[in-house]
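As structure tokens, the structure follows; a few thoughts come after it.
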Amino acid sequence: MEYCKLQIGCLAVLFYILLSYLRGYKSYNWSLRESFFDELLVLAILCVSFDCATAYTVNHLDTVNPFLNLMLHLLFLLCIDSVVFGLFVYVLHITDVHPQRRIVKFLVLLPFVVNIIAVVLNIGSLEYIHGVYTNYSMGISVYTCFSMVILYTLMTVIVFFTRIRHIESHKRRCIIIYVLVSLTGMTIQFFNPEYLITSIGVTVMILGIYLSYEDPALKELSEYYSETVMSFANLVENRDSSTGGHIKRTTQYVRLIAQNLQKRGYYKDILTKDFISDMEKAAPLHDIGKISVPDAVLQKPGRLTDEEFAVMKKHAENGGTIIRESFEKLGNDEYTEMAYEVARYHHEKWNGRGYPEGLSGEKIPLCARIMAVADVFDAVSEKRCYRDAMPLEQCFDIIRKGTGEDFDPLIAKVFLEIKDAVEEVHRSFAQNK
0 MEYCKLQIGC LAVLFYILLS YLRGYKSYNW SLRESFFDEL LVLAILCVSF
50 DCATAYTVNH LDTVNPFLNL MLHLLFLLCI DSVVFGLFVY VLHITDVHPQ
100 RRIVKFLVLL PFVVNIIAVV LNIGSLEYIH GVYTNYSMGI SVYTCFSMVI
150 LYTLMTVIVF FTRIRHIESH KRRCIIIYVL VSLTGMTIQF FNPEYLITSI
200 GVTVMILGIY LSYEDPALKE LSEYYSETVM SFANLVENRD SSTGGHIKRT
250 TQYVRLIAQN LQKRGYYKDI LTKDFISDME KAAPLHDIGK ISVPDAVLQK
300 PGRLTDEEFA VMKKHAENGG TIIRESFEKL GNDEYTEMAY EVARYHHEKW
350 NGRGYPEGLS GEKIPLCARI MAVADVFDAV SEKRCYRDAM PLEQCFDIIR
400 KGTGEDFDPL IAKVFLEIKD AVEEVHRSFA QNK
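Just so you know, numbering that gives the first Met the number 0 puts 61 at position 62 of the sequence shown, and the rest follows in order with no gaps.
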């Protein structure tokens, strides 16, 4: 037991994470679960378990069956390789990087396959070194594991810096923890092989990922937060009796537009899974600034005067201010910034004739350009206190005529291409009135 204390302690931590993870999702919502973390956690437990076993057998070579000792070392090294590869795949998953070309998939998988083969073929040449404090094993199989850690860590760093602008802060923490622990542990282990700290490295990485991103309580809190945002937006919308259901419909349109832009490969460096998720949560707040508009203007049944319209236009600028002041301390900077941009800039036009700043083209944030199409379409397709709803075909014509003038031409083009899906959303809300 004296040679396994470290590994046993790490196993205790990993099993605690496992129990907390399972209990959390059982208490909350299993549908929120990121299944890939399950496999990573199981691999980590297996890796530390075999590390514990080999720490014992390598120090009892005179009593342990040589073949059993060799097989335990083989399983341990294979588990290390699997954890390293699994962590890299996990990084690709949370950064929304999905290699499509076969050659890229092949190159991602190749080092793992080569290393597995090298470990298996050379396991018989493993040497057992008698150290001052403990025995340890060395050989080609061990060195190939070191090389694999270096390679996949470097690949992770490349992914991180090429995608850094589109990675949310809590995911950055996961990746930074992984890279730092990986490099530190490998350096210590390489120059001081007698320090059997593999288990510590694996455990710290899993613990860091769990606390930063995978804790079920954090995901449940995020769901509650989304519901609170929607309730807040509904509260504001209810001040304007002519726009009932506007935020729910526009949120659906926004999701359709963003997903179909992504499918067609447009703005692929921006339209990540996180971007679309944040966009859905930000869309309900696009008119939050209307809370500052007087009822006499907001609910006026007739045409607004120039002075009244100037007051109404202030809702975009005020909405951005409200979001900055209300949400800046919530800890999700990416979402707060997107909600701010959606609220402030969704009335900007592609040709620069919008408000509040008169931005044009791609100077307008992408989220606001998507919101603009959804907002205008819903505004003209629904009844307002000052006019009846327009026929859907006429509404699509407004988007068509505004392409390249009012709206981003790519976004408008995709919106018109998904006409059937848009009409289905419109019908579903009409039936529920």
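Cβ coordinates follow ideal geometry from the N, Cα and C atoms, glycine included.
For clarity, every value in this text was computed on a predicted model and none was experimentally measured.
Terminal residues of the beta strand (DSSP E) in which residue i lies
| i | result |
| --- | --- |
| His-346 | His-346 -> no beta strand (DSSP E), and no H or E assigned at all. |
| Ser-136 | 134 to 137 |
| Tyr-127 | 126 to 129 |
Cβ-Cβ distance between residue i and residue j below 8 Å
| i | j | result |
| --- | --- | --- |
| Ile-93 | Tyr-212 | yes |
| Thr-56 | Leu-71 | yes |
| Ile-256 | Ile-157 | no |
| Ala-315 | His-346 | yes |
| Ser-434 | Cys-78 | A question about residue 434 goes unanswered here, because the residues of the chain that appear run from 0 up to 432. |
| Gly-200 | Ser-225 | no |
| Val-83 | Met-137 | no |
| Val-379 | Cys-366 | no |
| Ile-322 | Ala-309 | no |
| Lys-348 | Asp-419 | no |
| Leu-106 | Ser-81 | no |
| His-165 | Thr-271 | yes |
| Ala-282 | Thr-250 | yes |
| Arg-248 | Phe-87 | no |
| Val-292 | Leu-303 | no |
| Cys-51 | Gln-6 | yes |
Of the listed residues the options, nearest to residue i (C-alpha basis)
| i | options | result |
| --- | --- | --- |
| Ile-208 | Leu-5, Val-119, Leu-17, Ser-325 | Leu-17 |
| Leu-210 | Ile-176, Asn-114, Thr-183 | Ile-176 |
| Pro-110 | Met-154, Glu-324, His-129 | Met-154 |
| Pro-355 | Val-379, Gly-318, Met-389, Asp-332 | Gly-318 |
| Ser-140 | Asn-191, Gly-123, Ser-168, Ile-187 | Gly-123 |
| Glu-174 | Ile-196, Ser-146, Leu-150, Met-204 | Going by the sequence as given, residue 174 is Ile instead of Glu. Comparing Cα-Cα distances from Ile-174 to each of Ile-196, Ser-146, Leu-150, Met-204, the minimum goes to Met-204. |
| Gly-264 | Ile-44, Ala-52, Leu-409, Ile-116 | Leu-409 |
| Phe-274 | Arg-254, Thr-304, His-285 | Arg-254 |
| Val-12 | Arg-22, Tyr-24, Val-47, Lys-25 | Val-47 |
| Tyr-194 | Tyr-132, Leu-303, Asn-331, Ala-295 | Tyr-132 |
| Val-413 | Gly-301, Gln-261, Glu-392 | Gln-261 |
| Asp-407 | Gly-353, Ile-44, Phe-145 | Gly-353 |
| Tyr-266 | Asn-350, Gly-351, Glu-361, Asp-305 | Glu-361 |
| Tyr-252 | Ser-19, Glu-422, Leu-5 | Glu-422 |
| Thr-183 | Leu-220, Tyr-344, Phe-145 | Phe-145 |
| Glu-279 | Asp-294, Gln-258, Arg-162 | Gln-258 |
Any non-hydrogen atom of the ligand COA within 7 Å of residue i CB
| i | result |
| --- | --- |
| Phe-145 | The ligand COA is not part of this structure, which contains no ligands at all. |
Contact belief for residue i with residue j at Cβ below 8 Å, rounded distance in angstroms
| i | j | result |
| --- | --- | --- |
| Ile-397 | Val-424 | Not really, about 17 Å apart at Cβ, beyond 8 Å. |
| Phe-159 | Tyr-89 | Between Tyr-89 and Phe-159 the Cβ distance is about 13 Å, and since that is not below 8 Å, they are no contact. |
| Asn-58 | Asn-134 | 5 Å |
| Tyr-334 | Asp-268 | With a Cβ gap of about 19 Å, Tyr-334 and Asp-268 do not count as contacting. |
| Ile-187 | Val-235 | That belief does not hold up - the Cβ atoms of Ile-187 and Val-235 are roughly 55 Å apart, past 8 Å. |
| Thr-143 | Val-118 | 6 Å |
| Glu-381 | His-169 | Incorrect: roughly 37 Å between the Cβ atoms, too far for contact. |
| Ala-342 | Gly-288 | 6 Å |
| Leu-60 | Tyr-127 | 6 Å |
| Asp-214 | Gly-23 | 7 Å |
| Phe-66 | Phe-49 | At roughly 15 Å, the Cβ-Cβ gap does not stay under 8 Å, so Phe-66 and Phe-49 are not in contact. |
| Ala-411 | Gly-401 | 7 Å |
Unbroken alpha helix (DSSP H) run spanning residue i, endpoints
| i | result |
| --- | --- |
| Leu-255 | 245 to 262 |
| Ala-434 | Nothing can be reported for residue 434: it is not among the residues displayed for the chain, which extend from 0 to 432. |
| Pro-110 | 101 to 121 |
| Lys-267 | Lys-267 -> no alpha helix (DSSP H), and no H or E assigned at all. |
| Gly-318 | 305 to 326 |
| Met-389 | Element bounds for Met-389: n/a, residue is neither H nor E. |
| Arg-352 | Careful: Arg-352 lies outside any alpha helix (DSSP H) and carries neither H nor E. |
| Lys-362 | Where Lys-362 is concerned, there is no enclosing alpha helix (DSSP H), given that its DSSP letter is neither H nor E. |
| Glu-200 | It is Gly, not Glu, that sits at residue 200 in the sequence shown. Counting along the chain, the alpha helix (DSSP H) containing Gly-200 begins and ends at 197 to 208. |
| Gln-298 | From DSSP, Gln-298 is part of no alpha helix (DSSP H); its letter is neither H nor E. |
| Ile-187 | 168 to 190 |
| Tyr-89 | 65 to 93 |
| Glu-193 | Note, Glu-193: premise wrong, no alpha helix (DSSP H); not H, not E. |
| Glu-279 | 272 to 281 |
Any C-beta of chain C under 8 Å from that of residue i
| i | result |
| --- | --- |
| Tyr-266 | No chain C is present in this structure, which holds just one protein chain. |
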